[in-house]
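Going letter by letter, the sequence shown gives residues 25 to 100 in the working numbering. As structure tokens, the structure follows; a few thoughts come after it.
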Amino acid sequence: MEIMRLVVTGAVGAGKSSFIRSVSEIDVVDTDCLATDVTTKIKQKTTVAMDFGRLQFAQDMALHLYGTPGQSRFDF
């Protein structure tokens, strides 16, 4: 099977998780936790590790979607 990968990056609140949720054909695996810093002014939850979604184009071809955290304290 051919697996392509797309990493979605950006600032807090840019829509990375929303994008992955809107196009993924599976329930998105996420690591959202309640925000505990100034991020609460933007949104209630924040990604602390990685979001994962998938699109299946054909029996032997898929696209894996990875969303990174937007907060600099979660850089890796």
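Quick reminder that beta carbons are idealized off the backbone N, C-alpha and C, glycines included.
(request) Using the Cα positions of Gln80 and Lys67, report the straight-line distance between them to the nearest angstrom. (result) Taking the straight line joining both Cα atoms gives about 30 Å.
(message) So, at 6 Å on beta carbons, what are the nonlocal neighbours of Arg45 in its own chain, with the 5 sequence-adjacent residues on each side left out?
(response) Val52
(request) Report yes if the C-beta distance between Val31 and Gly77 is below 8 Å; otherwise report no. (result) no
(request) Assign Lys40 to one of two classes, buried (16 or more other C-beta atoms within 10 Å of its C-beta) or exposed (fewer than that). (result) Residue burial is scored here from C-beta neighbours: Lys40 has at least 16 other C-beta atoms within 10 angstroms and is therefore classed as buried.
(message) I need the DSSP call for Lys65, collapsed to helix, strand or coil.
(response) helix
(request) Hey, could you find the ends of the beta strand (DSSP E) Ile27 is sitting in? (result) 26–32
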